[in-house]
Amino acid sequence: KQEVTQIPAALSVPEGENLVLNCSFTDSAIYNLQWFRQDPGKGLTSLLLIQSSQREQTSGRLNASLDKSSGRSTLYIAASQPGDSATYLCAVFTGGGNKLTFGTGTQLKVEL
Amino acid sequence: EAGVAQSPRYKIIEKRQSVAFWCNPISGHATLYWYQQILGQGPKLLIQFQNNGVVDDSQLPKDRFSAERLKGVDSTLKIQPAKLEDSAVYLCASSLGEPGINIQYFGAGTRLSVL
Chain A
1 KQEVTQIPAA LSVPEGENLV LNCSFTDSAI YNLQWFRQDP GKGLTSLLLI
51 QSSQREQTSG RLNASLDKSS GRSTLYIAAS QPGDSATYLC AVFTGGGNKL
101 TFGTGTQLKV EL
Chain B
113 EAGVAQSPRY KIIEKRQSVA FWCNPISGHA TLYWYQQILG QGPKLLIQFQ
163 NNGVVDDSQL PKDRFSAERL KGVDSTLKIQ PAKLEDSAVY LCASSLGEPG
213 INIQYFGAGT RLSVL
């Protein structure tokens with residue numbers, strides 16, 4: 001059974017700091033990995049999707065890496081801003097590519 | 113394009129009562145998902161539909177939870193009777209349902225409080 005863990009569970013940083021969120025999964029037989037953002041009272045917003053054949057994806061200040069063999073992914077956020085405050089979830093695609101297993105999330109707070 | 117619509121946004125009930133949630137997926141999306149997200153945890157898949165057929169309901173507590181997707185469009189999720197541990201956000205998502213990678217688009221969710 002696939003299990004996805006995220007560390008740390010919560011993180012508070014000053015504005016402008018670069019930071020790394022970690023995600024690990026127990027079964028390396030994944031199709032893809034996706035990072036989401038969740039704001040309070042709202043649904044999930046997809047940030048980045050990394051295909052199993054890729055090692056990283058970039059979008060603006062966000063960079064996600066994937067190491068399937070070690071069962072790890074990281075989300076790097078450069079020059080953090082207060083608007084980045086949210087819960088970040090990673091999820092792995094299994095079961096033919098359409099079943100998402102989510103991690104426990106990292107709650108990020110960026111302070112002025 | 114319109115996103116995934118869910119209603120109600122909030123619901124408060126007492127234990128042993130019944131409750132139903134409604135989801136309208138993005139037009140043309142064949143696959144529909146219901147997730148349960150307990151506070152402090154990631155979403156957990158309850159049931160997945162492909163058109164109006166069930167693909168995966170292995171984590172649905174079938175003694176109290178039921179879901180249907182009539183005509184392969186809208187879906188309802190019902191809990192009867194509710195327990196305290198059912199307090200959670202219920203998220204609906206949809207995807208195209210084509211072979212290969214299928215991005216899931218999420219609704220805002222329904223927050224259920226069972227007292």
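Residue numbers (the numbering used here), protein chains in the order written: chain A, 1 to 112; chain B, 113 to 227.
For glycine and all other residues, C-beta sits at the position ideal for the given N, C-alpha and C.
Exercise. L66(A) to E56(A), Cα distance in whole Å?
Worked result: 6 angstroms
Exercise. Hey, is K99(A)'s beta-carbon within less than 8 angstroms of any beta-carbon in chain B?
Worked result: yes
Problem set entry | Reference C135(B); option with closest CA among P120(B), L151(B), D168(B), I124(B) | P120(B)
Problem set entry | Residues that DSSP places opposite L189(B) in a beta bridge | F133(B), A179(B)
For this session: List the endpoints of the continuous beta strand (DSSP E) containing D169(B).
Result: That residue, D169(B), is in no beta strand (DSSP E); it is neither H nor E in DSSP.
Exercise. Apart from the five residues just before and just after A114(B), which ones in its own chain have a Cβ nearer than 8 angstroms to its Cβ?
Worked result: I138, S139
Exercise. Got a sec: which bits of the segment 213 to 225 of chain B sit with their beta carbon under 9 angstroms from any beta carbon on chain A, in order along the chain?
Worked result: I213, N214, I215, Q216, Y217, F218, G219, A220, G221, R223
For this session: For G71(A), decide whether its Cβ has a neighbour in chain B, counting only Cβ atoms nearer than 8 angstroms.
Result: no
Problem set entry | Residues of the segment 27 to 60 of chain A whose Cβ lies closer than 9 angstroms to any Cβ of chain B, in chain order | Y31, N32, Q34, F36, Q38, G41, K42, G43, L44, T45, S46, L49, Q51
Problem set entry | Pairwise C-alpha distance: A142(B) and S12(A) | 40 angstroms
Problem set entry | Cα-Cα separation, I93(B) to K99(A) | The structure shown has nothing for residue 93(B), since chain B only spans 113 to 227.
For this session: With 8 angstroms as the threshold, decide whether the Cβ of L89(A) is near any Cβ in chain B.
Result: yes
For this session: Compare the beta carbon distance of A179(B) and S170(B) with 8 angstroms and say whether it is the shorter of the two.
Result: no
Problem set entry | Buried or exposed (CB count within 10 angstroms, at least 16 for buried), I191(B) | buried
Problem set entry | Buried versus exposed, by CB contacts within 10 Å (16 or more), C220(B) | The residue you asked about is not Cys; residue 220(B) is Ala in the sequence shown. Result: buried.
Exercise. How would you list, in chain order, the residues of chain B whose beta-carbon sits under 7 angstroms from the beta-carbon of T74(A)?
Worked result: Here the premise fails: no neighbours, minimum Cβ distance about 17 angstroms.
For this session: Flag G16(A) as yes if its beta-carbon sits less than 8 angstroms from any beta-carbon of chain B, otherwise no.
Result: no
Exercise. So, T94(A) versus Q107(A), is the Cβ gap smaller than 8 angstroms?
Worked result: no
For this session: Pick out whichever of I7(A), S59(A), S85(A), G16(A) has its Cα sitting closest to the Cα of C23(A).
Result: I7(A)
Exercise. Starting from Y147(B) and walking both ways along the beta strand (DSSP E), at which residues does that stretch end?
Worked result: 143 to 149
Exercise. Is it true that the CB of F36(A) sits closer than 8 angstroms to the CB of T26(A)?
Worked result: no
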